[in-house]
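Scroll down for the structure; my scribbles are underneath it.
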Amino acid sequence: MLKHLCWLFLFTCSWTHAASVWQVSNAGNTVYIGGTLHILSPEDFPLPNAYGVAYNQADELVFETDIAGLNSPRFQQDSRARLTYGDG
């Protein structure tokens, strides 16, 4: 049974839009979990509709990073250094 559920989950994930947004519900409570790369180019926008749906239905937003810190020159330099190859 578990094997069939796993296949169903994998099939559903590959069939739906390529958004990294999950909805987890239990006992009338819902949590949306979304993932993005923190450095997106203008071509990446607009984000898939699933992000807007989760945002509009949320009572509270929690980020795993310091949003204000994303604009600091140090963060941007560190990110570029980690996301690019030094050679080649």
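Taken in order, the sequence shown gives residues 0 to 87; the numbers are from numbering that gives the first Met the number 0. Where a beta carbon is used, it is the ideal one built from N, C-alpha and C, also for glycine.
DSSP, reduced to helix, strand and coil, places Y31 within a strand of the structure shown. At a Cβ-Cβ threshold of 8 Å, I38 and S71 do not count as neighbours.
Separation of G85 and T64 (C-alpha to C-alpha, rounded to the nearest whole angstrom) is 26 Å. Separation of the CB atoms of F74 and G68 is rounded to 5 Å, and the pair is thereby assigned contact status at 8 Å.
Apart from the 5 residues on each side of it in sequence, L82 sits with its Cβ closer than 7 Å to the Cβ of I38 in its chain, given in chain order.
In this structure, the CA atom of Y31 is about 24 Å from the CA atom of P41. Remark: C-beta atoms of V23 and A49 do not approach each other more closely than 8 Å. Rounded to whole angstroms, the Cβ separation of A18 and P45 is 11 Å, and the two are not in contact under 8 Å.
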